[in-house]
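K.L.:
Handing you this structure, nothing more for now.
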């Protein structure tokens, strides 16, 4: 283990600031400059607890992009659950904070980088999807700082009031997840991501889900739902959708093909599109890596109710990138189906037999627990844990090498 | 090992007989009655060498049905090759004998049980496919005798002259294969079979093959080929085709589905239909026993030329029987494709890694070596070897149990 030499300076913490102009805040932040003997530089600002360990990894940053209301929060709960512990808002902070913190993982919502509040957007006639309503400079600088181990004061966009609230302190976690509309939009932010995921919900399914949520649960009319989707579409197509080309993994949610002509959005066909050649990420496969497979597990060993379950797997290209695609169409009836399916998947990065099934059972009440959305979200969670551990271990061995010099 | 008590009587061997009336021949045959201490009765006629071993199995009988010119002889050469050694006609016998003998296996052609020669059939207006042109009583009694370990004098149908030649001596082999038009037609013969196979060539492929052989190689006209197929069809449908319902394994040969509209018969889709619940026979499977799979092995690890290769596997019913079906569409380009495919098949009863590939390579010049016909014939050969060895070992252990009493 490397010993640490501490050379530091502390300046004053910034006081009350106009939170409408985040861009300038970080310029006033104060830092602890911290040099280790292994020539690795770590910085902490005044909020940080200073700790020193040569093996300590810098924060691993994961980006999760999706339209609002596309199951990101469920995904996040599944992801943090994989790491153990529960994710909660920062203690004693703003009750409307969008942040979730667990032992290893901090999830920040990129809506917090809105540069225009609800009124401001209305005045300027831009949606929240428009880059002009978002502060990418601040997003970049704060994500960069967190990645370098530096605590930041992140603004809060209050979804209840539509206003920008005073900032909250975010300490660098082991894993930082930035989730929202634009994690891969700005090339600088994109470059900070160790892994990126895009949740791609097809229009048919999005519509079915909105009807379910906004009409059945919130009493909106079908027309208003249609109008709201239509209104978002141009900006969505211009600014959100193109990000999927940069994602390391895309979870595509489509209507089933098991029932001809079905677009009810109840039975789903979910595709996990995994980029090849991503460091620390080995795509999941079914039976035979790199070949093209379809698999109907229902048969002599497994009985499924109509319309059954069909898996597909194979190589493909996606935005000129070589990818592997795993697809699940249909839904599970019972637990034994899930463990049966799990046992036939390879490279799922479980730590014990049945871990996927255990995770899915643990959150059986989450939306999508009986279909490919829940399954693939859980698997992506395991892959991220694996990626994190690989990065950690590669850093540890690099540090060990350096300490021997 | 059990000791043997020998009580025997020898009568005279039948002399010159009118071979037009085989039915009566066996009634004149002489026998050695041979009782072992394990209460198992063995009989040998005067031609047999008498040997005594309690472990010795009675002959295992395999039936192979197919229309003439459907690749039975290739299948037989593949099968005998699996057991090692080469199959040759009986030494010093009729040069037009249809029999092939190897160390373990004797293949007899059921055409030898024609009761009417070519002239006789013409006179009576029946084809060779008609049961009235065949002597099922004699077929039954001789197969039964061979199964019981008794040497027989089997007639010979001379394909060159179209006449019935004097009989040849057939000693009970370890494995007797009866191949021809009617191995499963007569219920008594059918009951003697330890395993049965039906080669089912679709009309399109049969036609393409006949054109290849009879037109290109023998100078027949397209019209005469069509006429000959049409002429055989009613009897084929009435007497040959229905046997496939009794087969333990059916090899179905169809035109490819990889090239839409193709019926050239050059690229084949071959299906191995395997009955479930057959003693000593565990159907081959792909990846996951009992589920439904399609597999295109061409991809990152394997490059295939157009139109590629597609495997399918799954449960099905065939004439009300539960079956598993393994299908191969397309053809192999190179050896590494074959070993790759072999390594993904289960229950193929090989004795070492790559045995299927080795067998296929050994007979690379045989028709069908690059497609499913050769592959499935080889696999069925291995399954028969496995079945034979299981029967042998179950007999040995039964004998051991009996000797302990």
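Chains as they are written, first to last, in this note's numbering: chain S, 1 to 405; chain G, 406 to 810.
Idealized CB from N, CA, C, for every residue including glycine.
From a predicted model like this one, the values you see are computed outputs, not experimental measurements.
Closest Cβ-Cβ distance between residue 327 (chain S) and chain G: below 9 Å?
P.N.:
Position 327 of the first chain, counted from the first residue, corresponds to residue 327 (chain S). Cβ-Cβ to chain G under 9 Å: no for residue 327 (chain S).
K.L.:
Does the separation of the CB atoms of residue 659 (chain G) and residue 750 (chain G) fall below 9 Å?
P.N.:
Indexing the second chain from 1 puts residue 659 (chain G) at position 254. Indexing the second chain from 1 puts residue 750 (chain G) at position 345. In this structure, residue 750 (chain G) does not lie closer than 9 Å to residue 659 (chain G) by Cβ.
K.L.:
Quick one: grab the DSSP three-state call for residue 165 (chain S).
P.N.:
As a position in the first chain, residue 165 (chain S) is number 165, starting the count at 1. Strand.
K.L.:
Anything in chain G within Cβ reach of residue 366 (chain S), meaning under 8 Å, just list it in chain order.
P.N.:
For the purposes of this step, residue 366 (chain S) is taken as the residue at position 366 of the first chain. Within 8 Å Cβ-Cβ: nothing; residue 366 (chain S) doesn't reach chain G, min ~27 Å.
K.L.:
Which of the three DSSP states is assigned to residue 580 (chain G) in this structure?
P.N.:
Mapped onto the second chain, residue 580 (chain G) falls at position 175. Note: residue 580 (chain G) maps to strand in three-state DSSP.
K.L.:
Give me, in chain order, the residues of the same chain whose beta-carbon lies closer than 6 Å to that of residue 579 (chain G); leave out the 5 immediate sequence neighbours on both sides.
P.N.:
The count along the second chain starts at 1 and reaches residue 579 (chain G) at position 174. Excluding residues within five positions, the ones whose Cβ falls inside 6 Å are 509.
K.L.:
Just how far apart, CA to CA, sit residue 439 (chain G) and residue 553 (chain G)?
P.N.:
Position 34 of the second chain, counted from the start, is the residue given in the question as residue 439 (chain G). Position 148 of the second chain, counted from the start, is the residue given in the question as residue 553 (chain G). Any reading at residue 439 (chain G) must be qualified, since the residue scores a pLDDT of 33, below 50, and its modelled position is unreliable; no value is offered.
K.L.:
Would you call the CB atoms of residue 331 (chain S) and residue 82 (chain S) closer than 9 Å?
P.N.:
Your numbering for residue 331 (chain S) matches position 331 in the first chain. Your numbering for residue 82 (chain S) matches position 82 in the first chain. Contact: no.
K.L.:
Residue range of the beta strand (DSSP E) that residue 654 (chain G) falls in?
P.N.:
One-based indexing of the second chain puts residue 654 (chain G) at position 249. Residue 654 (chain G) -> beta strand (DSSP E) spans 654-660.
K.L.:
Are residue 201 (chain S) and residue 107 (chain S) touching if we call contact CB-CB under 9 Å?
P.N.:
The sequence position of residue 201 (chain S) within the first chain is 201, counting from 1. The sequence position of residue 107 (chain S) within the first chain is 107, counting from 1. Not closer than 9 Å, so no.
K.L.:
Look at the alpha carbon of residue 150 (chain S) and the alpha carbon of residue 167 (chain S), and state the distance between them as a whole number of angstroms.
P.N.:
What you label residue 150 (chain S) is simply residue 150 of the first chain in a count that begins at 1. What you label residue 167 (chain S) is simply residue 167 of the first chain in a count that begins at 1. Their Cα atoms are separated by approximately 16 Å.
K.L.:
Give, in chain order, every residue of the region 698-724 of chain G whose Cβ lies closer than 8 Å to some Cβ of chain S.
P.N.:
698, 699, 700, 701, 702, 703, 704, 705, 706, 707, 719 and 720
K.L.:
With C-beta atoms as the reference, is residue 506 (chain G) less than 9 Å away from residue 293 (chain S)?
P.N.:
Position 101 of the second chain holds residue 506 (chain G). Position 293 of the first chain holds residue 293 (chain S). No. Outside cutoff.
K.L.:
Residue 562 (chain G) and residue 541 (chain G) - do their beta-carbons sit closer together than 9 Å?
P.N.:
Taking the first residue of the second chain as position 1, residue 541 (chain G) is located at position 136. Taking the first residue of the second chain as position 1, residue 562 (chain G) is located at position 157. In this structure, residue 562 (chain G) does not lie closer than 9 Å to residue 541 (chain G) by Cβ.
K.L.:
Kindly say whether residue 346 (chain S), judged by its beta-carbon, lies nearer than 9 Å to any beta-carbon of chain G.
P.N.:
Counted from its first residue, the first chain places residue 346 (chain S) at position 346. Not one chain G Cβ lies under 9 Å of residue 346 (chain S).
K.L.:
From which residue to which residue does the beta strand (DSSP E) around residue 601 (chain G) run?
P.N.:
Within the second chain, the letter at position 196 stands for residue 601 (chain G). Unbroken beta strand (DSSP E) run through residue 601 (chain G): 600-606.
K.L.:
Under 7 Å Cβ-Cβ, which residues of chain G neighbour residue 333 (chain S)?
P.N.:
In the first chain, residue 333 (chain S) corresponds to position 333, counting from 1. Simply none; closest approach about 15 Å.
K.L.:
Closest Cβ-Cβ distance between residue 289 (chain S) and chain G: below 9 Å?
P.N.:
Locating residue 289 (chain S) in the first chain gives position 289, where the first residue counts as 1. Chain G, which has a Cβ nearer than 9 Å to the Cβ of residue 289 (chain S), makes this yes.
K.L.:
Contact defined as beta carbons within less than 8 Å: I believe residue 499 (chain G) pairs with residue 570 (chain G). What is the distance between those atoms, to the nearest angstrom?
P.N.:
Counting from one through the second chain, the residue named residue 499 (chain G) turns up at place 94. Counting from one through the second chain, the residue named residue 570 (chain G) turns up at place 165. The pair is a contact, with the Cβ atoms about 6 Å apart (cut-off 8 Å).
K.L.:
Check whether the Cβ of residue 798 (chain G) lies closer than 8 Å to any heavy atom of the ligand HEM, and answer yes or no.
P.N.:
Because no ligand of any kind appears in the structure shown, any question about the ligand HEM cannot be addressed here.
K.L.:
Check residue 779 (chain G) in the structure and name its three-state DSSP category.
P.N.:
In the second chain, the residue the question calls residue 779 (chain G) occupies position 374. Looking at residue 779 (chain G) - three-state DSSP - the assignment turns out to be helix.
K.L.:
Using only CA atoms, which one of G:514, G:463, G:633 and G:619 lies nearest to residue 597 (chain G)?
P.N.:
Here residue 597 (chain G) corresponds to residue number 192 of the second chain, with the count starting at 1. Here the closest residue by C-alpha is G:463.
K.L.:
Thinking C-beta only, is residue 64 (chain S) closer than 9 Å to residue 239 (chain S)?
P.N.:
As a first step, residue 239 (chain S) is located in the first chain; it is residue number 239 there, counting from the start. As a first step, residue 64 (chain S) is located in the first chain; it is residue number 64 there, counting from the start. No.
K.L.:
Check whether chain C comes within 9 Å of residue 792 (chain G), counting only Cβ atoms and requiring the distance to be less than that.
P.N.:
Absent from the structure is chain C; the protein chains it does hold are S and G.
K.L.:
Among the residues of its own chain, which have a CB less than 6 Å from the CB of residue 721 (chain G), if the five just before and after it don't count?
P.N.:
As a first step, residue 721 (chain G) is located in the second chain; it is residue number 316 there, counting from the start. These residues qualify, in order along the chain: 728 and 730.
K.L.:
Just to confirm, are residue 404 (chain S) and residue 348 (chain S) a CB contact at a threshold of 9 Å?
P.N.:
Within the first chain, numbered from 1, the residue matching residue 404 (chain S) stands at position 404. Within the first chain, numbered from 1, the residue matching residue 348 (chain S) stands at position 348. A distance of 9 Å or more separates the beta carbons of residue 404 (chain S) and residue 348 (chain S).
K.L.:
Please name the residue in S:365, S:380 and S:336 whose C-alpha comes closest to that of residue 350 (chain S).
P.N.:
To locate residue 350 (chain S), count along the first chain from 1; it is residue 350. Looking at the Cα atoms, S:380 is the closest of the given residues.
K.L.:
Give me the residue from G:465, G:503, G:515 and G:685 with the minimum Cα distance to residue 565 (chain G).
P.N.:
Translated into the one-based positions of the second chain, residue 565 (chain G) becomes position 160. Considering only alpha carbons, the answer is G:503.
K.L.:
Is the separation between the beta-carbon of residue 232 (chain S) and that of residue 129 (chain S) shorter than 9 Å?
P.N.:
Along the first chain, one-based indexing puts residue 232 (chain S) at 232. Along the first chain, one-based indexing puts residue 129 (chain S) at 129. Contact: yes.
K.L.:
I'd like to know whether the C-beta atoms of residue 574 (chain G) and residue 559 (chain G) end up nearer to each other than 9 Å.
P.N.:
Here residue 574 (chain G) refers to the residue found at position 169 when the second chain is read from its first residue. Here residue 559 (chain G) refers to the residue found at position 154 when the second chain is read from its first residue. Their beta carbons are under 9 Å apart, which means residue 574 (chain G) touches residue 559 (chain G) by this criterion.
K.L.:
Determine the direct distance from the alpha carbon of residue 473 (chain G) to that of residue 627 (chain G), and round the result to whole angstroms.
P.N.:
As a working mapping, residue 627 (chain G) is identified with position 222 in the second chain. As a working mapping, residue 473 (chain G) is identified with position 68 in the second chain. Distance between the alpha carbons of residue 627 (chain G) and residue 473 (chain G): 19 Å.
K.L.:
Report the partner residues of residue 152 (chain S) according to the DSSP bridge assignment.
P.N.:
By 1-based counting over the first chain, the position of residue 152 (chain S) is 152. BP columns for residue 152 (chain S) point to S:170.
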